[in-house]
Every structure is written in structure tokens, then in C-alpha cells.
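6 is the number of the first residue of the sequence shown in the numbering used here; add one for each residue after it.
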Amino acid sequence: MAQTFIEKLIARNIGAGSVRAGNIVTLNVDRVMIHDIFIPFVASKFEEMGFTKLWDPDRVVLIYDHLVPASQTDDTRHFQIGNAFVEKYGMKNIHRSDGICHQLMTEAGYVKPGDVVFGTDSHTTTYGCVGAFSTGIGYTEMASILGTGKLWVKVPETIRVKITGKLAPNVTSKDIILTLIGDLGADGATYKALEFVGDTVENMTVASRMTIANMAIEAGAKCALFRADEKTAEYCQIPLTEKETSLFGDEDAAYCRTVEYQAENFVPVLACPSQVDKIRPAEELKDIAIDQVFIGSCTNGRLEDLMAAAEILKGKKVVPFVKLIVTPASRKIYQQAAANGTLQILAEAGAMITHPACGLCCGRAGGILTDGERIVAPNNRNFLGRMGTNKVEIYLASPKTAAASAVAGKIVSAEAV
Numbered sequence: 006m007a008q009t010f011i012e013k014l015i016a017r018n019i020g021a022g023s024v025r026a027g028n029i030v031t032l033n034v035d036r037v038m039i040h041d042i043f044i045p046f047v048a049s050k051f052e053e054m055g056f057t058k059l060w061d062p063d064r065v066v067l068i069y070d071h072l073v074p075a076s077q078t079d080d081t082r083h084f085q086i087g088n089a090f091v092e093k094y095g096m097k098n099i100h101r102s103d104g105i106c107h108q109l110m111t112e113a114g115y116v117k118p119g120d121v122v123f124g125t126d127s128h129t130t131t132y133g134c135v136g137a138f139s140t141g142i143g144y145t146e147m148a149s150i151l152g153t154g155k156l157w158v159k160v161p162e163t164i165r166v167k168i169t170g171k172l173a174p175n176v177t178s179k180d181i182i183l184t185l186i187g188d189l190g191a192d193g194a195t196y197k198a199l200e201f202v203g204d205t206v207e208n209m210t211v212a213s214r215m216t217i218a219n220m221a222i223e224a225g226a227k228c229a230l231f232r233a234d235e236k237t238a239e240y241c242q243i244p245l246t247e248k249e250t251s252l253f254g255d256e257d258a259a260y261c262r263t264v265e266y267q268a269e270n271f272v273p274v275l276a277c278p279s280q281v282d283k284i285r286p287a288e289e290l291k292d293i294a295i296d297q298v299f300i301g302s303c304t305n306g307r308l309e310d311l312m313a314a315a316e317i318l319k320g321k322k323v324v325p326f327v328k329l330i331v332t333p334a335s336r337k338i339y340q341q342a343a344a345n346g347t348l349q350i351l352a353e354a355g356a357m358i359t360h361p362a363c364g365l366c367c368g369r370a371g372g373i374l375t376d377g378e379r380i381v382a383p384n385n386r387n388f389l390g391r392m393g394t395n396k397v398e399i400y401l402a403s404p405k406t407a408a409a410s411a412v413a414g415k416i417v418s419a420e421a422v
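Below, the structure written as C-alpha cells:
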């Protein structure tokens, strides 16, 4: 019987021969992630429900990232409650300053192909980059998982996204996902799985797949899925067995929709204020002046992103009236970028390099803007008020387009500099 990727994964998790989109099933959870913003609410709800122990302390990960370092006095309360919860319930997996939760969950080996993972952040869809079913939930659902190790879900329908061909030199996976979101709309994949296939996808790095999986939620998707391959195995430091490679969608499975792209047709694009699905080619926006550029976040703060920006900025200077803030997604990435000279290039170009955390993406820890200012950034959302006042204009772009714009002082694609 032909099945989609998500149907196969869920059927395996519950020990069923098959499931179908629309079925209600109770999943066995492999891992959960709680971040610093939600830990007070999770802890309170957990005890309100009457639980006295975690179902498995080793499967729970607590990560401080949105509020690190504290920029408001109440932030420290979240850390205190989190630390007390860790001590009371015997948790070992806690990261207080190691980077962004979605980077760490795969980087630190918490997520593997075929896993079922839930997190208290909408961009938990990121872990689909290694072939896991991962999605965001609220604090009540998280509290119930902490006590039971289970959660019921409805099996999603699947949109199959097939991409074939070779991308142009200055086009990245960020341009792909922005284009897809523009085509589907911000609600075009609501509660659906996005399954990515095609030789373009197969040739992508795991980091590039992470960018796409991360932003799947911006089209409303429940999850995004990439078949595990040798790159996945190397990244996750696991042997690639039949168990991993057998998880993929069958060609003749019941997809609710199929979207096909030729890679050569993608161009550098941006999401215009203040809608993530308001997509325009960079060429159409090239005369728009900017005040700031941010390169980082769980979407595009990885080593290949920083290196792509450095490639554009090498030997050049950020224009004097533009601020460039660079925030690596993890401590490991920070160290790698320092070791290979990437941070040196960025610093010489005029970048301000910050500690690894969510930072400006969520409007924290420095760099917020005010009325009438414009920023180009490769993070995942450009909602009103996200990076300052509700009159700040946020344009989402790839790291290459963002870096080029910092040099030009206006929106341009990398070819222009």
C-alpha cells in the first residue's frame, strides 16, 4: 500500500501496518524541547496536572536561548524556575548559553531520522531536515507529554514539493522556501506535511535543508520532511541503515497536492513587510534604502550562512550608515567560524558579532529598530513589532542578499556588489 513519508513514520511509531491522513493516533514521543520563554508555564501546568515525576528525564531538553543574556528584569525569573525544575525532576539535558534551541537539537544529537519530537516553539519543524516528525506545541500539551510520554495527533495530509536542476550561484535554499511560501500563501499548508524530493534537494547540505524545514511553519505546515541520506548520517553521526532509508514518500501515495519547480528558475527574493508570503524578486526592490542588516537566527545562522555572507563581504566595507549584526546559531558554529577566519572577515567588513542566541530575531538582546527604519535579515518572520516598533520595515532574504545589501546600503542581490 503506497504511503506518504509522514504516514510511514507515524505507522512505524505506533506499530501499525499503515495509517491514513485524517486518522487520530497516539504517538510515542522520542524527545521534547522546552525553551526559556515557556518553562515557567510548562512547570506550573505540569504540577497543576498532578504529575510528580517526568516520564523520562533523559528525553527532555531545556534550552535557554530567547532570553540570553537577560535584557529585562523578569527574564531571570524564567532561568530560576527552569533551574529549579531541572533539579527537582532530575533532568540532565540543559543548555544555558550554547545557542538556539533548533540548532542544538540536531547539532547535539538529540534528534535522529524517524524520531517523533515536540517543542514549545513553532519552528520545531526544523528537525524534519534529518527525517524526523517534529512540530511545535503549547505548554499544556508539553506538560501532558512530560507526565505520560505520549500525545495524540491527526495524521496530516501531504503536499509533495519536487525540485529538480541546479541553483544559480547566488540563489540559496532560503530563496526556495520564500518562493514556496509566496506560492502557497501563509496558510496554504495549514496542518499539512511538506515532503521535499528531487535531485536539487538531494544535493543540498543538511544546513540548507534546515532552512527550508524551519520556515515550513510560515506556510502553516505541521511538519517538513527530508529523506535521510549519507549527509544525514554524517551530520547525525549514525550508521545509515534500512530503518532510516526506508522512510520516504511513495510516488503513488495519496498526496493532496504536488508542486514542482525547476531549480534554474529560482532567483534571489525577499519577503516584504509585513507578510512572510509577500514575495518579490530582489531586482524589483533594488532601490530601497536600508538602515540595518542582521545575519543569524535558527533559520540562517549556521556556518555555511556565515561563510556565504563572508564571501560577499571579503575585502569590502559595510556602508557607514548601516549597522550589520551577526549572530551565530550556536557556540560550536561561533568557534568554527572563528577558527576558519569567517568571523575575522565579517569583523573587518564592519560587523558587530554577538553571542550565539536568538537575539534580534525575536527582538531581544540588542539591535532593535524604531519608526521608519528598514532591516534586511535572513530570519523567519517579519511581523509588525518583531524587531522594534510596529513601524519598522523587515525584509527577509538569504544571507547572501543580506550581506550584499549591507555593502550597498540598499536592497540588492549578490551580483550587484
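Ideal placement from N, C-alpha and C gives every residue a C-beta, glycine not left out.
What three-state label does DSSP hand residue i in the structure shown?
i      : result
Arg369 : coil
Tyr400 : strand
Thr131 : helix
Ile142 : coil
Ser335 : strand
Lys13  : helix
Lys322 : coil
Phe388 : coil
Leu156 : strand
Lys405 : helix
Leu275 : strand
Arg307 : coil
Thr163 : strand
Thr216 : helix
Ala419 : helix
Please report the distance separating the alpha-carbon of residue i from that of residue j.
i      : j      : result
Cys261 : Ile15  : 18 Å
Lys159 : Gly22  : 17 Å
Asn219 : Thr130 : 6 Å
Arg369 : Tyr69  : 13 Å
Arg307 : Glu52  : 37 Å
Thr195 : Arg17  : 24 Å
Ile181 : Asp282 : 12 Å
Asp61  : Leu151 : 8 Å
Lys13  : Lys396 : 46 Å
Asp35  : Val66  : 11 Å
Gly377 : Asp41  : 31 Å
Leu374 : Asp296 : 9 Å
Ile11  : Val30  : 13 Å
Gly355 : Val323 : 6 Å
Phe90  : His100 : 14 Å
Leu389 : Ala343 : 34 Å
Lys319 : Leu351 : 7 Å
Tyr266 : Lys58  : 49 Å
Ala407 : Ala212 : 18 Å
Ile358 : Ala7   : 49 Å
Ser335 : Leu109 : 7 Å
Val381 : Gly95  : 42 Å
Pro286 : Leu348 : 29 Å
Looking at the unbroken alpha helix (DSSP H) that takes in residue i, where does it start and where does it end?
i      : result
Gln297 : Element bounds for Gln297: not the alpha helix (DSSP H) but the beta strand (DSSP E), Gln297 to Gly301.
Tyr115 : Counting along the chain, Tyr115 falls outside any alpha helix (DSSP H), and DSSP gives it neither H nor E.
Leu348 : Thr347 to Ala354
Thr237 : Glu235 to Cys241
I need the boundaries of the beta strand (DSSP E) containing residue i, first residue and last residue.
i      : result
Met38  : Arg36 to His40
Thr184 : First-last for Thr184: Ser178 to Leu189, but that is the alpha helix (DSSP H), not the beta strand (DSSP E).
Gln267 : Arg262 to Gln267
His100 : Asn98 to His100
Val47  : First-last for Val47: Ile44 to Glu53, but that is the alpha helix (DSSP H), not the beta strand (DSSP E).
Arg379 : Arg379 to Ala382
Ala198 : Lys197 to Val202
Thr32  : The sequence given here has Leu at residue 32, not Thr. Where Leu32 is concerned, the enclosing beta strand (DSSP E) stretches over Ile29 to Asn33.
Thr285 : This sequence places Arg at residue 285; Thr is not what is there. It spans Ile284 to Pro286 - the beta strand (DSSP E) in which Arg285 sits, taken as one unbroken run.
Ala229 : Cys228 to Phe231
Thr81  : Here Thr81 belongs to no beta strand (DSSP E); instead the alpha helix (DSSP H) covers Asp80 to Tyr94.
Val24  : Note, Val24: premise wrong, no beta strand (DSSP E); not H, not E.
Val65  : Val65 to Ile68
Of the residues the options, which one's Cα is nearest the Cα of residue i?
i      : options                           : result
Gly393 : Gly372, Val412 and Gly104         : Gly372
Thr9   : Ala75, Val135 and Phe201          : Phe201
Gln341 : Pro361, Val397 and His40          : Pro361
Ala268 : Gly20, Ala173 and Ala287          : Ala173
Gln85  : Phe46, Trp157 and Glu235          : Phe46
Met54  : Glu353, Ser149 and Ile293         : Ser149
Thr205 : Ala191, Ala113 and Asn270         : Asn270
Glu223 : Ala276, Thr250 and Gly254         : Ala276
Lys197 : Asn208, Lys227, Gly170 and Pro244 : Lys227
Met209 : Gln242, Thr169 and Lys321         : Thr169
Pro278 : Thr78, Asp126, Ala26 and Asn387   : Asn387
Ile39  : Ile317, Asn385, Ala229 and His83  : His83
Taking Cβ positions only, does residue i come closer than 8 Å to chain C?
i     : result
Val30 : The chain labelled as chain C is not found in the depicted structure, where only one protein chain is given.
Considering only heavy atoms of the ligand FAD, does any lie closer than 7 Å to the CB of residue i?
i      : result
Leu185 : Annotation note on the ligand FAD: not contained in the displayed structure, which lists no ligands.
*Contact between the region 100-115 and the region 301-315 (3+ Cβ pairs under 8 Å)*: yes
*Count the CB pairs spanning the region 313-333 and the region 290-300 that are closer than 8 Å, and state whether there are at least three.*
yes
*Is the region 175-194 touching the region 132-144, taking contact as three or more C-beta pairs under 8 Å?*
no
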